[in-house]
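**Q** Chains as they are written, first to last, in our numbering: chain V, 376 to 792; chain D, 376 to 792. Before I ask anything, here is the structure I am working with.
Structural data, given as structure tokens:
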């Protein structure tokens, strides 16, 4: 069942938002099934396949202990910068699994390539789940044999894929945007998983973006890096950076547009649509943070630079005390200012303003008497926005996170068992 | 009621551990009372007073928004490097309270100095509690008038003081050690508060160390910095660095020893006793972390440097996922290795060993099959030790923290209200 999105980006008109997922762009099929890695009968193996070798790019976790599938995907992309298929399992991260784990990840790649009749280096591999346990390869291989016949460009395929990549996630995360390039309709879509072990440091989850736009590999890779820094790298659930995070983008070129470059007149629209899709997925991950009941958005302005604003925004949105206060709808802005103060960034301690929603609580670093009842009502909503203005420069950033709840502890106190 | 400690430092014999607190060293008196800042009738104002101006040193939070009392204490110490009294309130941090807050902190200093008949710059001020609310000065001033008559060198005075500095703490934190310097008995004692907003970055709580040793101010200040880095700076509860943290040391000189220098033959014993007191207080803060049921100790060895080992140890002990797994007694070492990997330090991903207690779970970065029942039994204890050996160099460090529990969330979801 697809989510219906009726919001349109009226403020820019650079692109339109539609109801769609990774199979909406021309040339893509997807599917998912239960192969036996998860204890319950939920999907745990999925694939996205393109009709042609698609221009592709990826960003990976910065964790030193990168999981085996990341090495395999990196090896695939290094060959031609193109991918035709992504095979993903959930329920087991295939991380810290030594030589066996690496062999298993290569086996996933070759088995799926064989089924599709394509070169192995056109296949990317991704895994998510428990660290340090060997993959049940008999399950995976049996699943890989069944997957190709189920692949479909219909919404059903994207739905099955979206389900297959989830772990502790409660909802699937999808977004889709369309724009026109030289009279051709171009579509950008994505889906993602991520709920725990989420902290901004390159891509911090599994994310898959598809588009039918035509563009060069370098152009796609550059856009992916830039957009990741403003979206996926600006979310945190628990400050833990996973071993398996990866964001993959594939461009089929089947929209038939003139190849997009940064000089193309439609570039701003394409880049905006691409960023929209990634931002929606990133916010959906934050909102679906383990145990979360609310999305927290932090906007920092007036910093000496955008980088400085980013560091401060991440410091606030990552504070366990801010997150707990939001859960309890406690207007404890003292924790916000404390997190500004320990972010390690230049801050004038005399000139800070803080708003919770539209309620000003601190002006020029001096407490403002505010309506506690109004603050409580605001904090009881499902989205809480903190705005911090440092009044020092023009640097700004946004970051997203979620509240810290009993359920985060419950989920993570017995994840393996 | 004092805690009876019968453990002796047999491994070193450099000093002895005794049952004592901040009034055990010669020359110190203390007291505490309820002046009305806390809603319940718990003590919220306390003082330590020395019979003579004591050599003194302090370390302060690195948070940009240092609370008003820290500025006042800094001003006091800058005069002569000596203190004769410390006045502390809990229930209100007097932080982010603007000009009024600064005036209030200076007023606390002068009011207490007046009561004692000493110069204002011999008084240090410390506050802990809610950020951003004005101090009820009428309560504080009334309390300050009553305090002097209650000051006593007896255990009762230290007990009342220890109670007066607590906020969400469940237990008071005290430690005491004695050694002999040129035939004279020298005592070092300390007490501390801290339970939430605890993260290693200079002193991360309120801590008070008293000693009757004679030594120069520079020597005391240097020792305090060195020891803080190995003790208070190696604990974390929630990754939040407070606006009010301060560690103060006072040396009355009344033991009558030859002044201690780093060249003195008794220096290793004095430094060890000083470090013992600070480490006990730091571990007590970690164990009493908000909502905590267990102390987590992380030992990192084989790093390229001690600094690198410290960063890795802090990364592990600060991981919400590691903390949740310890709460649930889940032997999820994958989260430990993930925290090693995102610490931003040089690590060879092929050579890491991990032990939980005496149980090896990872050898040369490859999972070891271990006895799950034994691991569960170990993790159900009240202290959990993770040992990580990187096999790269001789750098080592220890860090302490606590598990993440439902109660941490409960306590912090409604702290103000």
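Note that beta-carbon positions come from the ideal geometry of N, C-alpha and C, so glycine has one too.
Please check if any C-beta of chain D sits within less than 8 Å of the C-beta of residue 744 of chain V.
**A** Along the first chain, read from residue 1 onward, the residue named residue 744 of chain V stands at position 369. Chain D contact via Cβ: absent.
**Q** Under 8 Å, Cβ to Cβ, is there at least one residue of chain V near residue 708 of chain D?
**A** The residue given as residue 708 of chain D occupies position 333 in the second chain. Taking Cβ atoms only, chain V reaches closer than 8 Å to residue 708 of chain D, which makes this a yes.
**Q** With a CB to CB cut of under 6 Å and the five nearest residues on each side skipped, what residues in its chain are close to residue 424 of chain V?
**A** Taking the first chain and counting its residues from 1, one reaches residue 424 of chain V at position 49. Closer than 6 Å at Cβ, skipping near neighbours: 404, 460 and 526.
**Q** Considering only C-alpha positions, which residue in the set D:774, D:651, D:724 and D:669 is nearest to residue 392 of chain D?
**A** The residue given as residue 392 of chain D occupies position 17 in the second chain. Comparing Cα-Cα distances from residue 392 of chain D to each of D:774, D:651, D:724 and D:669, the minimum goes to D:651.
**Q** How far does the alpha helix (DSSP H) with residue 709 of chain D in it extend, from its first residue to its last?
**A** As a working mapping, residue 709 of chain D is identified with position 334 in the second chain. It spans 709-716 - the alpha helix (DSSP H) in which residue 709 of chain D sits, taken as one unbroken run.
**Q** State buried or exposed for residue 474 of chain D, treating a residue as buried only when at least 16 other CB atoms are found within 10 Å of its CB.
**A** Stepping through the second chain from its first residue, residue 474 of chain D is reached at position 99. Its Cβ having fewer than 16 others within 10 Å, residue 474 of chain D is exposed.
**Q** Do the stretch 528-546 of chain D and the stretch 411-424 of chain D touch if we need at least three Cβ pairs shorter than 8 Å?
**A** The stretch 528-546 of chain D vs the stretch 411-424 of chain D: in contact.
**Q** With 8 Å set as the bound, which would you pick, yes or no: does the beta-carbon of residue 551 of chain D sit closer than that to a beta-carbon of chain V?
**A** On the second chain, position 176 is the one that residue 551 of chain D refers to. So no, residue 551 of chain D is outside the interface.
**Q** Near residue 680 of chain D, what residues of its chain come up, given a Cβ to Cβ distance below 8 Å and the 5 sequence neighbours on each side ignored?
**A** Here residue 680 of chain D corresponds to residue number 305 of the second chain, with the count starting at 1. 768 and 770.
**Q** Which class does residue 421 of chain V belong to by DSSP, given the choice of helix, strand or coil?
**A** Position 46 of the first chain holds residue 421 of chain V. Three-state result, residue 421 of chain V: strand.
**Q** Taking 8 Å as the threshold (beta carbon to beta carbon), is residue 664 of chain D in contact with chain V?
**A** Here the question's residue 664 of chain D lines up with position 289 in the second chain. No, residue 664 of chain D does not count as interfacial toward chain V.
**Q** Taking the beta strand (DSSP E) that residue 728 of chain D belongs to, which residues open and close that run?
**A** Here residue 728 of chain D is taken as the residue at index 353 of the second chain, counted from 1. Run containing residue 728 of chain D: 728-731, per the beta strand (DSSP E) assignment.
**Q** Leaving out five residues on either side along the sequence, give the residues of the same chain with a beta carbon under 8 Å from the beta carbon of residue 743 of chain V.
**A** One-based indexing of the first chain puts residue 743 of chain V at position 368. Closer than 8 Å at the Cβ level, and outside the excluded window around residue 743 of chain V, lie 735, 736 and 737.
**Q** Which first and last residues belong to the alpha helix (DSSP H) in which residue 448 of chain D is found?
**A** Along the second chain, one-based indexing puts residue 448 of chain D at 73. Unbroken alpha helix (DSSP H) run through residue 448 of chain D: 443-455.
**Q** Drop a sphere of 10 angstroms on the beta-carbon of residue 415 of chain V, count the other beta-carbons inside from all chains shown, and report buried for 16 or more, exposed for fewer.
**A** Reading the first chain from its first residue, position 40 is the one you call residue 415 of chain V. Classification of residue 415 of chain V: exposed, given that the 10 Å Cβ count is below 16.
**Q** Need the endpoints of the alpha helix (DSSP H) that residue 594 of chain D sits in, please.
**A** Taking the second chain and counting its residues from 1, the one referred to as residue 594 of chain D is at position 219. 592-605 is the span of the alpha helix (DSSP H), which, as asked, contains residue 594 of chain D.
**Q** Between the stretch 656-672 of chain V and the stretch 718-727 of chain V, do three or more beta carbon pairs fall short of 8 Å?
**A** Verdict: no, contact absent.
**Q** Near residue 782 of chain D, what residues of its chain come up, given a Cβ to Cβ distance below 6 Å and the 5 sequence neighbours on each side ignored?
**A** If you number the second chain from 1, residue 782 of chain D lands on position 407. Correct list, in chain order: 666.
**Q** Taking only beta-carbon atoms, is residue 705 of chain D less than 8 Å away from chain V?
**A** Residue numbering aside, residue 705 of chain D sits at position 330 when the second chain is read from its first letter. By this cut-off, residue 705 of chain D is an interface position.
**Q** On the DSSP bridge assignment, give the partners of residue 502 of chain D in chain order.
**A** The count along the second chain starts at 1 and reaches residue 502 of chain D at position 127. According to DSSP, residue 502 of chain D bridges with D:464.
**Q** Among V:581, V:619 and V:555, whose alpha-carbon lies nearest the alpha-carbon of residue 549 of chain V?
**A** One-based indexing of the first chain puts residue 549 of chain V at position 174. When only C-alpha atoms are compared, the closest one is V:581.
**Q** When you check each C-beta in the stretch 415-444 of chain V against every C-beta of chain D, which residues fall closer than 9 Å?
**A** So the close ones are 436, 437, 438, 439, 440 and 441.
**Q** Any Cβ of chain V within less than 8 Å of the Cβ of residue 700 of chain D?
**A** Position 325 of the second chain holds residue 700 of chain D. Yes, residue 700 of chain D lies at the interface with chain V (some Cβ there is under 8 Å from its Cβ).
**Q** Could you list the residues in the stretch 748-764 of chain V with a C-beta less than 7 Å from some C-beta on chain D, going in chain order?
**A** Taking 7 Å as the Cβ-Cβ cut-off against chain D, none of the residues of the stretch 748-764 of chain V qualify.
**Q** Establish whether the CB of residue 610 of chain D and some CB of chain V are separated by less than 8 Å.
**A** Residue mapping note: residue 610 of chain D aligns to position 235 of the second chain, counting from 1. No, residue 610 of chain D lies away from the interface with chain V (no Cβ there is under 8 Å from its Cβ).
**Q** From residue 579 of chain V to residue 437 of chain V, what distance separates their C-alpha atoms?
**A** Taking the first chain and counting its residues from 1, the one referred to as residue 579 of chain V is at position 204. Taking the first chain and counting its residues from 1, the one referred to as residue 437 of chain V is at position 62. Only weak support is given to the placement of residue 579 of chain V: the predicted model assigns it a pLDDT of 39, under 50, and the question is left unresolved by the model.
**Q** May I ask you to report which of helix, strand or coil DSSP gives residue 669 of chain D?
**A** For the purposes of this step, residue 669 of chain D is taken as the residue at position 294 of the second chain. The answer is coil: DSSP assigns residue 669 of chain D none of H, G, I, E or B.
**Q** Under 8 Å, Cβ to Cβ, is there at least one residue of chain V near residue 734 of chain D?
**A** In the second chain, residue 734 of chain D corresponds to position 359, counting from 1. Not an interface residue.
**Q** Taking three-plus beta-carbon pairs below 8 Å as touching, is the stretch 461-468 of chain D in contact with the stretch 492-502 of chain D?
**A** Yes, since at least three Cβ pairs between the stretch 461-468 of chain D and the stretch 492-502 of chain D fall closer than 8 Å, the two stretches touch.
**Q** Looking at the structure shown, is residue 391 of chain V part of a helix, part of a strand, or coil, going by DSSP?
**A** Taking the first chain and counting its residues from 1, one reaches residue 391 of chain V at position 16. Strand at residue 391 of chain V.
**Q** Give the straight-line distance between the Cα atoms of residue 655 of chain V and residue 747 of chain V, rounded to the nearest whole angstrom.
**A** Start at 1 with the first residue of the first chain, and residue 655 of chain V comes out as number 280. Start at 1 with the first residue of the first chain, and residue 747 of chain V comes out as number 372. About 31 Å.
**Q** How many whole angstroms separate the CB atoms of residue 567 of chain V and residue 659 of chain V, which I take to be in contact at a CB cut-off of 8 Å?
**A** As a working mapping, residue 567 of chain V is identified with position 192 in the first chain. As a working mapping, residue 659 of chain V is identified with position 284 in the first chain. Indeed they touch by this definition, with Cβ atoms about 7 Å apart.
**Q** Pick helix, strand or coil for residue 512 of chain V, following the three-state DSSP scheme.
**A** For the purposes of this step, residue 512 of chain V is identified with residue 137 of the first chain, where counting begins at 1. Here residue 512 of chain V sits in helix by DSSP.
**Q** Using a cut-off of 7 Å between C-beta atoms, extract the partners of residue 569 of chain V located in chain D.
**A** Along the first chain, read from residue 1 onward, the residue named residue 569 of chain V stands at position 194. Within 7 Å Cβ-Cβ: nothing; residue 569 of chain V doesn't reach chain D, min ~14 Å.
**Q** So, at 6 Å on beta carbons, what are the nonlocal neighbours of residue 648 of chain V in its own chain, with the 5 sequence-adjacent residues on each side left out?
**A** Here residue 648 of chain V refers to the residue found at position 273 of the first chain. Closer than 6 Å at Cβ, skipping near neighbours: 390, 552, 554 and 563.
**Q** So with CB distances below 9 Å, who are the chain D contacts of residue 618 of chain V?
**A** Here residue 618 of chain V refers to the residue found at position 243 of the first chain. The answer, in chain order, is 709, 712, 713, 716 and 717.
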